[in-house]
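In UniProt numbering, the protein residues as written are 1 to 1043. Each residue gets a CB set at the ideal place from its N, CA and C atoms; glycine is no exception. For reference, the structure is listed below as structure tokens.
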Amino acid sequence: MKKIKDFFDFKTTEMRIAERSLKKINKLEKIVEKFSDEQLKEQTLFFKKLLAEGHTLEEIRNDVFAVSREATKRVLGKRPYDVQMLGGLLLDLGSVAEMKTGEGKTITSIAPVYLNALLGKGAIVSTVNEYLSERDAEEMGQVFKFLGLTVGINKAQMDPYSKRAAYACDITYSVHSELGFDYLRDNMVSNIGEKVQRGLQFCLIDEVDSILIDEAKTPLIISGGKGEDLTGYFSADQFVRTLGPDDYEIDDETKAISLTHSGIARANEFFHFNNLYDIENSETVHLVSNALRAHKIMRKDVEYIIKEGKIELVDSFTGRIMEGRSYSEGLQQALQAKEGVEVEAETKTLATITYQNFFRMFKKLCGMTGTGKTEEQEFIDIYNMRVNVVPTNRPIARIDEPDAIFQSMEDKWEAVSEKIKELYTIGQPVLVGTAQIEDSEALHKVLLQKGIPHTVLNAKQNASEAEIIAKAGQVKSVTIATNMAGRGTDIKPSPEAIALGGLYVLGTDKAESRRIDNQLRGRSGRQGDVGTSKFYISLDDQLMQRFASGASLKDEYQEFKGQEIKAKTLKLGLKHAQRKIEGFNYDSRKSVLSYDDVIRQQRDLIYSQRDLILTNKNIDLIVQRMISSAARSIVRSGEYYLHNKTYNYEALINFLNQKIGLLVKFHFDLHEIQKIHEKDLPDYIANIILTVYEHWRANAIENVGMEELEKIEREIILQILDDRWQNHINKMDKLRSNVNLVQYSQKNPYQVYTEEGTKTFRFMIEDIAYGVLLELFSNRIGQKSLITKEMKADPVFIQVQSGFYFDPYRDFEEQEKDLIELYQNVKARLLEIEEENKIAEQERLAKKEQERLEAEAKLKEEQLQKELIANASAKINQKEEVLKIRKSFFNQTNEQIKKINEELKEKPFDTNLLIEYSNLMQKSVEQSEEMSRLEAELEFEKTEFEMVLKTQNKWVENSFIENNLNQEIQSEQVQPIAKEETISLEESSSKTTKKRGRPRKNIVENSEANQKSKRGRPPKQENVTNEVKKKRGRPKKVKTNEV
1 MKKIKDFFDF KTTEMRIAER SLKKINKLEK IVEKFSDEQL KEQTLFFKKL LAEGHTLEEI
61 RNDVFAVSRE ATKRVLGKRP YDVQMLGGLL LDLGSVAEMK TGEGKTITSI APVYLNALLG
121 KGAIVSTVNE YLSERDAEEM GQVFKFLGLT VGINKAQMDP YSKRAAYACD ITYSVHSELG
181 FDYLRDNMVS NIGEKVQRGL QFCLIDEVDS ILIDEAKTPL IISGGKGEDL TGYFSADQFV
241 RTLGPDDYEI DDETKAISLT HSGIARANEF FHFNNLYDIE NSETVHLVSN ALRAHKIMRK
301 DVEYIIKEGK IELVDSFTGR IMEGRSYSEG LQQALQAKEG VEVEAETKTL ATITYQNFFR
361 MFKKLCGMTG TGKTEEQEFI DIYNMRVNVV PTNRPIARID EPDAIFQSME DKWEAVSEKI
421 KELYTIGQPV LVGTAQIEDS EALHKVLLQK GIPHTVLNAK QNASEAEIIA KAGQVKSVTI
481 ATNMAGRGTD IKPSPEAIAL GGLYVLGTDK AESRRIDNQL RGRSGRQGDV GTSKFYISLD
541 DQLMQRFASG ASLKDEYQEF KGQEIKAKTL KLGLKHAQRK IEGFNYDSRK SVLSYDDVIR
601 QQRDLIYSQR DLILTNKNID LIVQRMISSA ARSIVRSGEY YLHNKTYNYE ALINFLNQKI
661 GLLVKFHFDL HEIQKIHEKD LPDYIANIIL TVYEHWRANA IENVGMEELE KIEREIILQI
721 LDDRWQNHIN KMDKLRSNVN LVQYSQKNPY QVYTEEGTKT FRFMIEDIAY GVLLELFSNR
781 IGQKSLITKE MKADPVFIQV QSGFYFDPYR DFEEQEKDLI ELYQNVKARL LEIEEENKIA
841 EQERLAKKEQ ERLEAEAKLK EEQLQKELIA NASAKINQKE EVLKIRKSFF NQTNEQIKKI
901 NEELKEKPFD TNLLIEYSNL MQKSVEQSEE MSRLEAELEF EKTEFEMVLK TQNKWVENSF
961 IENNLNQEIQ SEQVQPIAKE ETISLEESSS KTTKKRGRPR KNIVENSEAN QKSKRGRPPK
1021 QENVTNEVKK KRGRPKKVKT NEV
């Protein structure tokens, strides 16, 4: 039997390669586990060295996987199972690895991501939401960082610098939508350094079926540019509110809505139209269609919610809010008018791409999911990826109970609430899955009425998602969740809960795809744990209503109201309905891809040319090609051919002179150009315009320089290219919306779309070249300027030019003349002002110099007077000091005479005494005469000093402290002289006493000699002003020392 089973077990090539590699990895494990941590870390550098030497990833794959497995075991404490390694190998081979929920897909991704990150070109892991991105980057990032690689997280609200840093890491975790938006934004930058992505090398997509299949129908759109008139949205909204059920009809399968005849009549009356569908009313028809869709098809808390006064879209596949996303083509504004919130201006599509075309640009793409085998053909057709089913590590112990079907929505909710109550009573944890927010809110109210504690997880409570999921596996926990809990969430039942039967998953609605239902089932029974899953369905559910004739079935099973319907045919019909909608969605995705492939080729060409413009240093070559192309397009235009198929040279020359000649002051000569044959005319005209461009470029280089010119040319090209491309995108969107109408004329819509799109693209390319030509020649930098370089360098000219207004409707040369005349007038006036200021400054300086000289003279005179007064005062003070000394000597002599008189009374005839007495008497007489003479001189000098003071009016007022200082200074100047005199007198007295003979010359004579010797060099005087203190209103003369 085993041989027979193996014979029918058809394995893919990828699976066979992966199984062989797994055996080698298991052998290498025994070697790698002996490495120390440092040795294990060093293997990363070793692998990079091997790649640098020319080895391929395939050659080192087994070694890398073995190292990755050992690192995961040491860092996370979890050894990857063989099935996880097998899944990793399949991922590296570019396949979709289908692994049942709970098998550890996150750990499976470590090895292939590590391997491809070694190239140094970036490895991206794409997840369905930011919660999973942060969780996986934090947990799996520990392993990558241990091995020496860097890990970054890319989020929607990050600034460009942070995004660039995240993409620069070896491994980047990001939400799938943000990858696409970053790609579009990178192709809108004006500088190559502003890009955040560094190439699309390797991408591993988690929940690959959700991203590449479920969301493939929704294109990524970057919009901008606000409109003006918003009244149309309100008018259409008011009109739709007046409609009754008979005024419109809805196709349940396609969700298309249109007005009936009565509705059209109401519209004509409401808008005062004769015919709503006249061509001039097309914009109103568009607004009404959006308002109808907003009111009658889209439902609050299903497709969108209102949060903080704004419309927030809800992802129908994940149940999460799509932040920063909005509907295009006015549908967002219709919803805002419906809900009464602020209506924002409609935006213009700036860039767009589908998930399908974006992810196909990666050089290496792989993905993993728990439910992908049913869509294998779509993966092969679109992405060239085969789906390989990886066996489970342990047998699945979950019990999937049959679906319970009920006749009405009320019966279903009653049965669901009773089942929850039953499970809550025994303590088994329950996860209730709802398709929409409104369903979770409705069940929430029912459980509140029954008094059952529970937690709600939907787009309104997404902030506490991690906390809710962590408690969902506990005993007696009841969790109501939308599809947010259907993918990627790991609910771990507690041991007590497992003993009670594990997690019970209770679905309340069938999704449009069986894969989504299986994802919800997979929350239970992970890694061989016990669990149960069951779905409760009613004939009122959307799936039954749209694809299983729910209305007729409801009438057929009317008798089962209030009880479960167990008819097998009904269950088969439900499965058929799911398959039908899966096929419908596949056709829709395939159609979207087919139409997007047309614009994809155009987008690739535009983006590649845009990168060339950003990186090319010889921008003039690009400009020359564009000018040549534009010139040839103009000449070859069919409007210049007459009915007899002759070429209208005159019309061409008029066009060239009006559109180009006026801009560059060049005249196209009709007589010369008529000589050229029409076949040679395109090249001839192109060469003429290129010659004009060369002159224009030479002038521009002279005016602004080469570097500035290239910058301006690059900016002009990018501006024209982006503007025309955005217009082209909007034209293609409108063409796509209306192309189905050609079916009425028995034409293929896709073929018409392709043909018209190609024509539109060619016209856009020609328009870009022509637009660049006109924009360049319109720029004044290339015109021969009357303004010289010297003028441009003059700050005065720069200031005058900044305030000068150039009128675009006046001749530029005339305006330059006006500017130069204004500049010259200003310059002349400035020179006059400068000359006046110069003369005034010279006069001011001369006056200042005169004042300085007068002040110096006055100061010198005052200083001289001060010196004279100070010297006279010092001289008087010196004489007073000498007079004091003479008086002292005189008193000493008299004392000696008295003493000798006493001695003579005893010895009257002592000869020596008599001689000494005689000498002393003579000396006394001489001293007396000397003092009289000094007193006379002193009195004379005082009189003269007073006269000088009166003459110079130098009566000043001194304080006691200043007078004291002056006396001390004067005393210090006199002391040396007095000391010398004292020494002379003592010597003289001593000699006289010794000799007792002929008396010597008078000491006064010595004093006079000393004083005379000093008169020739007066002592230095300090800058001290002798002032007289005022007393009783009269100035007092300078005091002198009286004898």
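Using CA atoms only, rank isn't needed, just tell me which of the options is closest to residue i.
i	options	result
residue 150	142, 157, 878	142
residue 351	140, 189, 394	189
residue 893	906, 918, 670	918
residue 611	740, 593, 191	191
residue 171	114, 179, 183	114
residue 929	916, 907, 890	890
residue 404	847, 457, 214, 536	536
residue 688	678, 668, 677	668
residue 640	620, 682, 614	682
residue 392	525, 270, 343	525
residue 499	427, 38, 834	427
residue 43	290, 64, 864	64
residue 716	770, 751, 674	770
residue 214	516, 48, 807, 684	516
residue 434	354, 416, 588, 207	416
residue 473	240, 444, 513, 523	523
residue 168	186, 185, 184, 199	199
residue 154	175, 135, 136, 879	175
Could you tell me how far apart the beta carbons of residue i and residue j are, in whole angstroms, since I believe they sit closer than 8 Å?
i	j	result
residue 1045	residue 533	The requested residue 1045 does not occur in the structure, where the chain is confined to residues 1 to 1043.
residue 204	residue 76	Wrong, their Cβ atoms sit about 18 Å apart, outside the cutoff.
residue 304	residue 314	6 Å
residue 502	residue 531	4 Å
residue 321	residue 339	So it is not a contact: roughly 16 Å between Cβ atoms.
residue 293	residue 334	7 Å
residue 479	residue 430	7 Å
residue 561	residue 407	5 Å
residue 697	residue 768	The Cβ separation is near 19 Å, so there is no contact.
residue 772	residue 720	5 Å
residue 116	residue 202	4 Å
So if DSSP puts residue i in a beta bridge, which residue, or which two residues, is it bridged to?
i	result
residue 368	97, 206
residue 314	321
residue 349	223
residue 405	537, 565
residue 647	641
Taking the runs of the beta strand (DSSP E) that are 3 residues or longer, which of them lie wholly in the UniProt domain "Helicase ATP-binding" (86-236)? 96-98, 123-127, 151-154, 171-175, 202-206, 220-224
Curious, which full-length alpha helix (DSSP H) runs of at least 4 residues does the segment 663-687 contain? 670-673
Suppose only complete runs of 3+ residues qualify. What are the beta strand (DSSP E) ranges in the segment 230-312, listed by chain order? Correct list: 248-251, 256-259, 304-307.
Go through the UniProt domain "Helicase C-terminal" (419-573) residue by residue and report every complete run of the beta strand (DSSP E) that reaches 3 residues or more, in order. 430-433, 455-457, 478-481, 503-507, 530-538
State whether the segment 390-401 contacts the segment 207-227, with contact taken as three or more CB pairs (one from each stretch) at a distance under 8 Å. no
What beta strand (DSSP E) runs, 3 residues minimum, are completely inside the segment 352-402? The segment 352-402 contains these whole beta strand (DSSP E) runs: 364-369, 387-389, 397-400.
So, do the segment 646-664 and the segment 593-602 have three or more beta carbon pairs nearer to each other than 8 Å? no
Given 8 Å, three or more beta-carbon pairs between the segment 290-304 and the segment 251-258: Output reads yes: the segment 251-258 touches the segment 290-304.
Using 8 Å as the threshold, is the segment 327-338 in touch with the segment 364-374, meaning 3 or more CB pairs across them? no
Count Cβ pairs between the segment 122-136 and the segment 81-97 that sit closer than 8 Å; are there 3 or more? no
Contact between the segment 620-636 and the segment 785-802 (3+ Cβ pairs under 8 Å): no
Can you list, in chain order, the stretches of the alpha helix (DSSP H) that have 4 or more residues and sit fully within the segment 792-839? 795-802
Quick test of the definition: if touching needs 3 or more C-beta pairs under 8 Å, does the segment 73-87 touch the segment 104-111? yes
Report yes or no: do three or more beta-carbon pairs, one from the segment 736-753 and one from the segment 609-629, lie closer than 8 Å? Not touching, per the Cβ criterion.
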